[in-house]
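Shown next, in C-alpha cells, is the structure this report addresses.
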Amino acid sequence: MLVACELILEELAKYLETFLIESNAHWLRLHFVRIHQESFKNDKLLKLQDWCNDILVKYPNKIFESENFTSVQENSLVSLIKRDDLQMEEVKIWNYIIKWGIAQNPDLSSNPEDWSNENFLALKSTLKNCLPLIRYFQMSSDDIYGHIQPYKKILEKNLWDDLVKRHMLSNRPISSVVPSSRVILTQELPHRSKKPFSNVINEDHAAEIASWIDKKTDTYSMTNNPYEFKLLLRGSRDGFTRDSFWNLCNKQKNLVIVIKVKDTDEILGGYNPVGWDKAFIGRKSCKESFTFSLKNGVVQTSILSRVISAEDTIICRDNCGPAFRGSLYMYNSNRNDRCYCYNNTSYYEKLIREKSTYDNFLSFFSVEEYEIFQIHEKDM
Numbered sequence: 000m001l002v003a004c005e006l007i008l009e010e011l012a013k014y015l016e017t018f019l020i021e022s023n024a025h026w027l028r029l030h031f032v033r034i035h036q037e038s039f040k041n042d043k044l045l046k047l048q049d050w051c052n053d054i055l056v057k058y059p060n061k062i063f064e065s066e067n068f069t070s071v072q073e074n075s076l077v078s079l080i081k082r083d084d085l086q087m088e089e090v091k092i093w094n095y096i097i098k099w100g101i102a103q104n105p106d107l108s109s110n111p112e113d114w115s116n117e118n119f120l121a122l123k124s125t126l127k128n129c130l131p132l133i134r135y136f137q138m139s140s141d142d143i144y145g146h147i148q149p150y151k152k153i154l155e156k157n158l159w160d161d162l163v164k165r166h167m168l169s170n171r172p173i174s175s176v177v178p179s180s181r182v183i184l185t186q187e188l189p190h191r192s193k194k195p196f197s198n199v200i201n202e203d204h205a206a207e208i209a210s211w212i213d214k215k216t217d218t219y220s221m222t223n224n225p226y227e228f229k230l231l232l233r234g235s236r237d238g239f240t241r242d243s244f245w246n247l248c249n250k251q252k253n254l255v256i257v258i259k260v261k262d263t264d265e266i267l268g269g270y271n272p273v274g275w276d277k278a279f280i281g282r283k284s285c286k287e288s289f290t291f292s293l294k295n296g297v298v299q300t301s302i303l304s305r306v307i308s309a310e311d312t313i314i315c316r317d318n319c320g321p322a323f324r325g326s327l328y329m330y331n332s333n334r335n336d337r338c339y340c341y342n343n344t345s346y347y348e349k350l351i352r353e354k355s356t357y358d359n360f361l362s363f364f365s366v367e368e369y370e371i372f373q374i375h376e377k378d379m
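The end of the sequence shown is residue 379 by numbering that gives the first Met the number 0, with every number in the run present.
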C-alpha cells in the first residue's frame, strides 16, 4: 500500500486501505502504533487516518500516555484534537499539547517562570496549529488559572482577556470565537463496574501483570491496560477442588492464576500462556510463563520470577491443580486450598515467598481465595 502511494497508484492504495480496514481490522489493531505512525506520514491514506482516530477519540490514552507521545507528528495530533468527540477533559488535552510543544523545543526549561519572551514566542510558533483547537471556554476557572495562566503569553491577548471576562463576568459579551463543546459519549466509554472484577487483585495489580506479560519496562496504568481479565474460576464460587479446576480450565490458554494467602497480605500467582491439559500427563515447555508475588498491604514490593529454562516448566497432572515446576503448586490432593512453593530456582529465577517460610525446600500455606483468569486483548 505504501509502495502504491509512492508510485502514485491512488486507486490501488485506496483499495488496499479499504481491504485492510474491512477484512483485517484485527491485524491492524495488533500493529496499531505502527499503522498510526505510517498513515500520518502519507497524506493520501485518509481512510486509515480516520480509522485510527475513530479508535483514539475513545481511547485517547493510547497516544497521550504512550512512550513516544512527544515524537508524534503534528498532523496526527491536530487531526485528533480537532475532533468534537475526543473523550478527554479539555485541561488534560491542553497539558499534553504543552508537553508536546516543549519537547519540540529542547532549549525550553520545564518551568515557564524561567522563560524569556523569545521562549514563549517559540512555543507559540510551534503550537500555532494546535492552539485554535483547544476548547478554552469548556474549562473551569481553576483550570484556567492553574494551567492556562502560566502560558498566557502564547495566547492571543483578546482570547486571554475574554477568558478572564467570561469567568469573572459571565454576562459580558466577548469577541473571541467560541468553538462548539466536545461531545462526551459516556455510554460508549469504558466503565468500571461498581462490583470489583476480582476478590483477590485490583486493577493496579492487573495492569502490573499485563506489563509483565508484554515485557514492558514501565508499568501500564489502569487506563491503558490492553488486556481484559475474564474470570474462569473462583474458589469461593466454584470450589477449591482439582475437579473444578479441570472442569473450568482444561486446555484453556493465556491463564493468570492469583492466590490470596490466608492470614497474610500475600498475593501469589503465575501466568501460563500454553495452558494445562488433563490428558497430557507430564511437563510442558514454555518460555513466556512466570510466577509472582504482588505488593499488597505490608508487602511493599512485587516479585516477578521469569522462566530460566523453557524446558518442562509447566506441570500437568490430573491428580492436582495448576503447577509451575520448581515454584508454585496447588496441593496434590482433591483440595486446592492447600498449596506450596518450592525452593528451587533451577526453573524460575526467584523465590516468590520469604526464604524463612521454607522448611526442607517447601513452603506450605493455606488459601483464602483463588481465581483463574483468561486474558484477552480489549476491543478498541
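For every residue, glycine included, the Cβ atom is placed at its ideal position computed from N, Cα and C. No experiment lies behind these values; they were computed from the predicted model shown.
So which of the options has the shortest CA-CA distance to residue i?
i: T69; options: P105, N52, K151, P272; result: P105
i: T263; options: P272, R282, R352; result: R352
i: D83; options: E370, R233, V182; result: V182
i: L257; options: L15, F279, F228, Q251; result: According to the sequence provided, residue 257 is Val. The question's Leu does not apply to it. Ranking L15, F279, F228, Q251 by Cα distance to V257 puts F228 first.
i: F39; options: L19, V77, S65, I20; result: V77
i: M221; options: S304, S210, S301, L230; result: S210
i: I374; options: C315, G269, E310; result: G269
i: E405; options: D317, G281, L293, N295; result: The chain is shown from 0 up to 379; residue 405 falls before or after that span and cannot be answered.
i: D42; options: K57, W26, E16, K214; result: E16
i: N295; options: I200, R236, W275; result: I200
i: K349; options: S355, V366, S326; result: S326
i: N322; options: S304, W275, D358; result: Reading off the sequence shown, one finds Ala at residue 322, where the question assumed Asn. Nearest option by C-alpha distance: W275.
i: L267; options: S288, E287, C248, L293; result: L293
i: R134; options: L158, L122, N118; result: L158
i: N67; options: D53, M167, E265, W99; result: W99
i: T216; options: S365, S65, K91; result: S65
i: D242; options: N128, N359, N318; result: N318
Can you tell me the Cβ-Cβ gap for residue i and residue j, rounded? I've got them flagged as a contact below 8 Å.
i: I307; j: Y347; result: 7 Å
i: K259; j: E368; result: 4 Å
i: K377; j: Y226; result: 7 Å
i: Q137; j: S180; result: 5 Å
i: G208; j: V255; result: First, the residue type needs correcting, since residue 208 is Ile and not Gly in the sequence shown. Their Cβ separation, rounded to whole angstroms, is 6 Å, which keeps I208 and V255 in contact under 8 Å.
i: Q103; j: V56; result: Not quite, the Cβ-Cβ distance comes to about 23 Å (not below 8 Å), so this is no contact.
i: C285; j: I371; result: Between I371 and C285 the Cβ distance is about 16 Å, and since that is not below 8 Å, they are no contact.
i: T218; j: A205; result: T218 to A205, Cβ: 11 Å. No contact.
i: L122; j: I80; result: That pair is no contact at about 16 Å.
For residue i, count neighbouring C-beta atoms within 10 Å of its own C-beta (all shown protein chains included) and say buried if the count is 16 or more, exposed if not.
i: F63; result: buried
i: K382; result: No statement about residue 382 is possible, as the shown extent of the chain runs from 0 to 379 and does not include it.
i: V176; result: exposed
i: F363; result: exposed
i: H190; result: With a pLDDT of 46 at H190, under the threshold of 50, the modelled position of that residue is not reliable, and no figure is offered here.
i: T300; result: exposed
i: A278; result: exposed
i: M329; result: buried
i: E155; result: exposed
i: L361; result: exposed
i: K250; result: exposed
i: W50; result: buried
i: D142; result: buried
i: T290; result: buried
i: S288; result: buried
i: L45; result: exposed
i: K283; result: buried
i: D161; result: buried
Under the three-state reduction of DSSP, which class applies to residue i: helix, strand or coil?
i: V287; result: Val is not the amino acid found at residue 287; the sequence shown has Glu there. E287 falls in the coil class under three-state DSSP.
i: V71; result: coil
i: R324; result: coil
i: R33; result: helix
i: S109; result: coil
i: S210; result: helix
i: L76; result: helix
i: F363; result: strand
i: I147; result: helix
i: S304; result: strand
i: R28; result: helix
i: T377; result: One point to set straight first is that residue 377 is Lys, not Thr, in the sequence displayed. Three-state DSSP puts K377 in coil, outside helix and strand.
i: V199; result: coil
i: L85; result: coil
i: L162; result: helix
i: Y58; result: coil
i: Y347; result: strand
i: D141; result: helix
i: D49; result: helix
i: I173; result: coil
i: E66; result: coil
i: C319; result: coil
i: E16; result: helix
Residue i bridges to which residues according to DSSP?
i: M329; result: C338
i: L230; result: F372
i: G296; result: G296 is not bridged to any residue.
i: L267; result: I258, S292
i: R282; result: I314
i: D358; result: L361
Can you confirm whether residue i, when its beta carbon is compared against all beta carbons of chain B, has any partner nearer than 9 Å?
i: Y58; result: Of the protein chains in the structure, only one exists, and it is not chain B.
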